[in-house]
Amino acid sequence: MDRRDLLKFGSFGAAGFLLEGLAGGILSELYGASTNTSLKNYLLVNLFMAPARWPMDQILKPERNSSFYPNPFIKNKFSNIGAGSFNFELDYGTSDIGGIQFPHIWNYEVPRAGGGSRPMRELADHFLAIRGCNMILDGHFINNRRLDAPDPGGVSISGILSDLSDRPYSGISLAGITPYMNSAAGAFNSPNGKTPVILGNEVKDYLQYLANPFSVAAPTKDISQKAGRELLTNLMNELGANSRYFKTSNSNRKKAEEMMIYGLEKISTEYSAIFMKYQNLINRSLRKTNIKGVTDKVIPGLSLPFSTSVKRKENGNAYKIEDYLGTYRERDEYLLDNDLRGIFDAAEIYELAQQFAISEIIFKEKLSHSIVMTVGGVANLKVGRATDEENIVMKTIGDKVHFSYKDPKAIRKNLVTDHDPDSHEAGSLTTFLSCSLAWNAISSCLLEYIDQLKKAKIFDDTLIHVTTEFEREPAETDSGTHHGVTGHSSTLICGKIEGPQVIGNIYDISHDPNDVTPSCGTWGKGAPVAELDHNEIVYGNIASSICKILGISSPTPASKSLVRIDPNSKKITPLISKAKNVKFKKTHFKNSKRS
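Using this note's numbering, you'd call the opening residue of the sequence shown number 3 and step up by one each time.
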């Protein structure tokens, strides 16, 4: 009888996965059940709704001399900032790490667990970025699910991995606050019909939920010695005379009980500390930060009345209010605070601390081989003063346009809102600040998570995949973005990757007339790759690369892997040449300037 057969006899449903998994592990240890040690752990960190990644891990200018065309929206640092509306200049800055030009924020440090800080660039040590992937299909939900199940409706990477795993539970879907079935967490599809443990926003405490084997409706029930004894007794009694393992004395039963109680107490105590560790990192990363060029100086919000020169779009159409003032827009509001840094004083990324904490427990305790984590955007922004567009009057006199309030008393005060990762209606300034701080938090958590994998000696056997469903294609003005379906990117992190490395070609300027805003600058639009018969990378290539690393068959076998595994060292190396920005020549893009 192997571990899978062993666990069939004692199933308490998804709510009992932690105790049942722990008991299964104990019984395996006592009775010599086999364990598959050849598979790698897989953590998919999915930033839901495709937040902008050019302040983060999208490498737009891999070399100093890479052809790069700026855009009003693609900025990642202040080059100058003063008092009053629009009295600032944003720039696209880089940080040289291993000869690769990472975005500006990588120059600086992130919070370290236990206090102090550490260089963000440590995250690049085992880092492989794949960019310029054409997702072909549009739509958040279909592409979000494709991150795990690349063929819509087909089997998922986590599902294939689960069928080969003999760990207690197939997979863990950490849906967070997102709609489960619309995200990668809901795309789990096992060829053999297995099902994952699902943790959505209805679960307030992951560990209590997972550790209660008898009543899903009692999430406040404490982990106790009694629950552990009951579970272990039920497992053993159900096996009973059916198993040769229990025809010995009761000494094994006593030993198993002691191990169960110790394991419960250990995990319960550890989880509380682990959760607080990640929550502290997130709070310090988002709130009252002092990142040079990002949050080290006062950032004034919009102030009316305001006047500027009349502007027109490339097609001759007149600018609208959102085109002039959109840099300060967040959803339906224009932010008026005297210092926009203050809106992040109580900022959160909901569920992220629990997600990282339970993920650390799951891999360290060998409870599953796969975790899909869906991460929301920056939330709980406390805006002191804001106004909607209906309260703004725009008048054009000669070559000047003037803005004022329709009713100064209609200004909204003490507004609580969330940053919209799907930044159609989020301006360049609010997007730059929110996404920079989000990456600050996520990278801090990832670095601590990697530290724990290293301590457990499983980092070489773990693949972390950080991604979104697609990137952002900037609009013509800095008032919002569109879906960058033709420019997806994925970041792979593993102890067997010697980073930093970046592969995948992009065009230096968006040129396709089917794009929403042709000529919108260098944002990541995929370009052909010689090793792929001069075709663009598609997501099937990324899925096959992930499966190659995990040691499983690909759900997209017709798509070539972009990496190889050295048979001796097991090092992961690219099969395609390093990233290039492909110059596109089109003379009528008169407003673009190369930098």
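Just so you know, even glycine gets a beta-carbon here, dropped at the ideal spot from N, CA and C.
Bear in mind the structure is a predicted one, so any value in this text is a computation, not a measurement.
Burial state of Met-278 (16 or more Cβ within 10 Å): Classified as exposed, Met-278 has fewer than 16 neighbouring CB atoms from the shown chains inside 10 Å of its CB.
Beta-carbon gap between Lys-562 and Asp-510 smaller than 8 Å: Contact flag unset, no.
Between the CA atoms of Leu-337 and Pro-307 - distance to the nearest angstrom: For the pair Pro-307 and Leu-337, the Cα-to-Cα distance works out to about 14 Å.
Length of the line joining the Cα atoms of Lys-582 and Val-504: Distance between Lys-582 and Val-504, taken at the CA atoms: about 9 Å.
Three-state class that DSSP yields for Lys-79 in the structure shown: The answer is strand: DSSP assigns Lys-79 an E or B state.
Bounding residues of the beta strand (DSSP E) (the contiguous stretch that carries Phe-405): Per DSSP, Phe-405 belongs to the beta strand (DSSP E) from 402 to 407.
Validate contact between the stretch 91 to 103 and the stretch 459 to 468 using beta carbons, cut 8 Å, 3 pairs: Taking a cut-off of 8 Å on C-beta distances, the stretch 91 to 103 does not touch the stretch 459 to 468, as fewer than three cross pairs fall below it.
Separation of Thr-376 from Glu-471, as counted between CA atoms: Rounded to whole angstroms, the gap between the alpha carbons of Glu-471 and Thr-376 is 11 Å.
Residues of its chain near Glu-324, where Cβ-Cβ distance is below 6 Å and the 5 sequence neighbours each way are ignored: Ser-481.
Close-in-space but distant-in-sequence residues of the same chain around Asp-224 (CB under 7 Å, 5 per side omitted): Low confidence applies to Asp-224: its pLDDT is 45, below 50, so where it sits in the model is not reliable, and the reading given next is rough at best. Excluding positions up to five away in sequence, the list is empty.
Bounding residues of the alpha helix (DSSP H) (the contiguous stretch that carries His-142): Segment 142 to 148, the alpha helix (DSSP H) holding His-142.
Integer Cβ distance of Gly-173 from Asn-507, believed to fall under 8 Å: About 33 Å separates the two Cβ atoms, so there is no contact after all.
Ordered list of beta strand (DSSP E) runs contained in the stretch 68 to 114, each at least 3 residues: Listed in chain order, the beta strand (DSSP E) runs fully inside the stretch 68 to 114 are 79 to 83, 90 to 93, 96 to 99, 102 to 105, 111 to 113, counting runs of at least 3 residues.
Residue range of the unbroken alpha helix (DSSP H) whose run includes Ala-443: That run of the alpha helix (DSSP H) goes 430 to 457.
Under the three-state DSSP convention, the category Asp-165 falls into: Residue state, collapsed to three classes: helix.
Same chain, Cβ closer than 6 Å to Phe-216, five either side skipped, listed in chain order: Its pLDDT being 32, under 50, Phe-216 is placed unreliably in this model, and the coordinates cannot settle the point.
For Lys-572, three-class secondary structure by DSSP: Judged by DSSP in its simplified three-state form, Lys-572 adopts coil rather than helix or strand.
Coarse secondary structure for Val-47, derived from DSSP in three states: Strand at Val-47.
Span separating the alpha-carbon of Ile-452 from that of Ser-446: CA-to-CA, the gap between Ile-452 and Ser-446 works out to about 10 Å.
Contained alpha helix (DSSP H) runs [length at least 4] in the stretch 337 to 371, N- to C-terminal order: Listed in chain order, the complete alpha helix (DSSP H) runs (minimum 4 residues) inside the stretch 337 to 371 are 354 to 366.
Contacts around Ser-547, its chain only, beta-carbon distance under 6 Å, and the 5 residues preceding and following it disregarded: Correct list, in chain order: Ser-563, Leu-564, Val-565.
The stretch 485 to 502 in contact with the stretch 327 to 345 per 3-pair CB rule at 8 Å: Between the stretch 485 to 502 and the stretch 327 to 345, the count of Cβ pairs shorter than 8 Å is below three; the stretches do not touch.
Sufficient close CB pairs (3 or more, under 8 Å) joining the stretch 65 to 81 to the stretch 287 to 302: By the Cβ criterion, the stretch 65 to 81 is in contact with the stretch 287 to 302, since at least three pairs of Cβ atoms, one from each stretch, lie closer than 8 Å.
3-residue-minimum beta strand (DSSP E) runs that sit fully inside the stretch 527 to 577, ordered along the chain: Counting only runs of 3+ residues, the beta strand (DSSP E) found wholly inside the stretch 527 to 577 occupies 565 to 567, 574 to 576, in chain order.
Nonlocal neighbours in the same chain, by C-beta distance under 8 Å from Gln-103, ignoring five residues either side: Closer than 8 Å at Cβ, skipping near neighbours: Ile-61, Lys-63, Pro-64, Glu-65, Arg-66, Ser-68, Thr-96, Ser-97.
Where Lys-580 sits in the DSSP three-state scheme: Under the three-state reduction of DSSP output, Lys-580 falls in the strand class.
The stretch 418 to 434 touching the stretch 364 to 384, judged by at least three CB pairs closer than 8 Å: Yes, they touch.
Candidates Ser-521, Thr-197, Ile-99: closest to Ser-175 by CA position: Checking every option, the nearest Cα to that of Ser-175 belongs to Thr-197.
Expected contact under 8 Å - CB spacing of Ala-126 and Gly-386 to nearest Å: Going by Cβ atoms, the distance from Ala-126 to Gly-386 rounds to 37 Å, so no, they are not a contact pair.
Distance between beta carbons of Met-137 and Val-487, contact taken as under 8 Å: Distance from Val-487 to Met-137 at the Cβ level is roughly 5 Å; contact confirmed, criterion being Cβ atoms closer than 8 Å.
Same chain, Cβ closer than 8 Å to Ile-99, five either side skipped, listed in chain order: The residues are Trp-108, Arg-123, Ala-126, Pro-502.
Inter-residue Cα distance where the pair is Ile-413 and Tyr-208: One C-alpha to the other measures close to 40 Å.
Straight-line Cα distance separating Glu-533 from Arg-286: When rounded, the distance between both Cα atoms is 44 Å.
Runs of beta strand (DSSP E) lying entirely within the stretch 305 to 333, each at least 3 residues, in chain order: Correct list: 308 to 311.
Reduced DSSP category for Pro-410 - H, G, I as helix; E, B as strand; rest coil: For Pro-410, the three-state secondary structure derived from DSSP is helix.
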